[in-house]
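A.B. asks: Please see the structure below; I have some questions.
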Amino acid sequence: MSRAGIDFATRWVTENIQATVLAPDDGPHPETEETLSRMLADAETAGISRDEIEEDMGDLSEYISAALDEATDAEIDRLEDEDN
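Per the numbering used here, the sequence shown starts with residue 12, numbered consecutively.
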């Protein structure tokens, strides 16, 4: 178990994932691979490997795709609330 990997991924998503385009219903978010590449580059700089993160977090592509979807959905909800 790597607490460093989990902490890095959680912090990175909080600091770097923002609302973006809507994803199709039948696949990963279109910005997943580019975003994942940025995350892995930052992880490497921090001395943390993809395997270390995925050991406890699971597939990072799915994690990033879900984070992008969540951020976009939250922004849509915020804008809808603002209009009401």
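C-beta atoms are modelled at their ideal positions from N, C-alpha and C, and glycine is treated no differently.
(1) Using the C-alpha atoms, what's the distance from Glu91 back to Ala15?
(2) Just tell me which of Gly38, Phe19, Glu26 has its CA closest to the CA of Asp80.
(3) Give the secondary structure of Ile59 by DSSP, where H, G and I count as helix, E and B as strand, and everything else as coil.
(4) Can you look up Ile28 in the DSSP assignment and give me helix, strand or coil?
(5) For Val24, which residues in the same chain have their Cβ closer than 7 Å to its Cβ, ignoring the five residues on either side in sequence?
(6) Let me know the secondary structure DSSP gives Glu42 once reduced to three states.
(7) Would you decide whether Ser76 is buried or exposed? Buried here means 16 or more other CB atoms lie within 10 Å of its CB.
C.D. replies: Based on what the coordinates show:
(1) 37 Å
(2) Gly38
(3) coil
(4) coil
(5) Ala78
(6) coil
(7) buried
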